[in-house]
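J.:
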Amino acid sequence: VLGEFPDLDIVVQGEAEDDIIAFALREKLPSFSCNGTGPLKGDLTGVVADFYEIGELAGEKAALILSGATPTSLETDTATRSRTLLNQATARLLGIVIPQHILARADSIIR
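Numbering-wise, the sequence shown is residues 44 to 154 according to the working numbering.
(1) Using only the alpha-carbon positions, how far apart do residue 46 and residue 88 sit?
(2) So for residue 113, helix, strand or coil by DSSP?
(3) Beta strand (DSSP E) containing residue 126: first to last residue?
(4) Can residue 85 and residue 68 be called in contact, C-beta distance under 8 Å?
(5) Since I believe residue 92 is in contact with residue 125 (beta carbons under 8 Å), could you give me their beta-carbon distance rounded to a whole number of angstroms?
(6) With DSSP collapsed to three states, give me the class of residue 89.
(7) Pick from 75, 129 and 133: whose alpha carbon is nearest that of residue 152?
(8) Quick one, which of 110, 66, 127 and 143 has its alpha-carbon nearest residue 24's?
(9) Determine which residues share a DSSP beta bridge with residue 76 and list them.
(10) Going by DSSP, what residue range makes up the alpha helix (DSSP H) through residue 152?
(11) Taking only three categories from DSSP, how would you classify residue 138?
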């Protein structure tokens, strides 16, 4: 199924994010995002990449290339850290109580 929608993530993050969030809120459904703007706009939660870490990885690769490495010789890396964002206003609207131990682990809480 995923192969049928190769650009779905781009569509959701760009063109359809607001519509999806509005639908979920209207229908009293939790919605989740892999995009940092989602929880700010009303998604219940998001687990998002640490863009600072991604920038560090890109800088390391650029330095290797500037030192003579060919791009094809470089290993592919991925970020190891993520950030968890929780939207308490959305949780209240949906009647969801987020347990304190989960709130304590969140990197950012939107009130």
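For each residue, glycine too, the CB sits at the ideal point set by N, CA and C.
T.: In terms of the structure at hand:
(1) Its pLDDT being 48, under 50, residue 46 is placed unreliably by the model, and the measurement read from it follows with that caveat. Cα-Cα distance, rounded: 25 Å.
(2) Look at residue 113 here: in three-state DSSP terms it is coil, with no helix or strand label.
(3) Boundaries of the beta strand (DSSP E) around residue 126: 125 to 130.
(4) It is a contact, given that the beta carbons lie within the stated cut-off.
(5) About 6 Å; that satisfies the 8 Å criterion.
(6) The answer is strand: DSSP assigns residue 89 an E or B state.
(7) Shortest Cα-Cα distance from residue 152 to any of 75, 129 and 133 involves 129.
(8) Past the edges of the chain, shown from 44 to 154, lies residue 24, and the structure says nothing about it.
(9) Answer is 89, bridged to residue 76.
(10) Counted as a single uninterrupted DSSP element, the stretch harbouring residue 152 is not any alpha helix (DSSP H) but the beta strand (DSSP E) occupying residues 151 to 153.
(11) If DSSP states are grouped into helix, strand and coil, residue 138 belongs with coil.
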